[in-house]
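**Q** Just passing along the structure, written as structure tokens.
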Amino acid sequence: MRKLIIAAAATFALAGVAACESQADKAAEVKADALEEQAAAAPTEAQETALNAEADRVEQQAGNADGGMTTANTPNTSPSDPAAPAAPATTPAH
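With the working numbering applied, the sequence shown corresponds to residues 2 to 95, in that order.
Following this line, the structure appears as structure tokens:
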């Protein structure tokens with residue numbers, strides 16, 4: 002009985018995760034990945050920055066298709082956005 006409950010809970014949790022990513026999200030991710038690949042191969046810094054910004058815009062727009070329910074609290078970590086927060090400094094463990 003316990004195994005059945007655990008299996009049902011795991012199935013329910015996975016179904017919830019799968020529902021979070023729509024076909025539009027998947028398509029936007031593919032498009033953004035292609036733009037990021039182009040950015041990595043761009044001959045100038047300006048072109049790289051512009052392509053990365055476009056990739057970020059595509060991802061954000063797709064994420065906001067649900068009214069921002071899944072992206073309202075997502076931090077901006079774009080390397081091409083100067084307003085993005087810096088990575089926290091870490092100190093080595095002693």
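Where a beta carbon is used, it is the ideal one built from N, C-alpha and C, also for glycine.
For Thr50, does the three-state DSSP call read helix, strand or coil?
**A** Looking at Thr50 - three-state DSSP - the assignment turns out to be helix.
**Q** In three-state terms, what does DSSP make of Ala43?
**A** Three-state DSSP puts Ala43 in coil, outside helix and strand.
**Q** Taking C-alpha atoms, which residue in Ile6, Ala51, Ala47, Glu46 lies nearest to Ala33?
**A** Ranking the options by Cα distance to Ala33, first place goes to Ala51.
**Q** Buried or exposed, going by whether 16 or more other CB atoms sit within 10 Å of the CB of Glu60?
**A** Classification for Glu60: buried.
**Q** What separation, rounded to the nearest whole angstrom, lies between the Cα atoms of Asp26 and Asp57?
**A** Rounded to whole angstroms, Asp26 to Asp57 spans 13 Å at the Cα level.
**Q** By how many angstroms is the C-alpha of Ile6 removed from the C-alpha of Thr45?
**A** Computed Cα separation, rounded: 56 Å.
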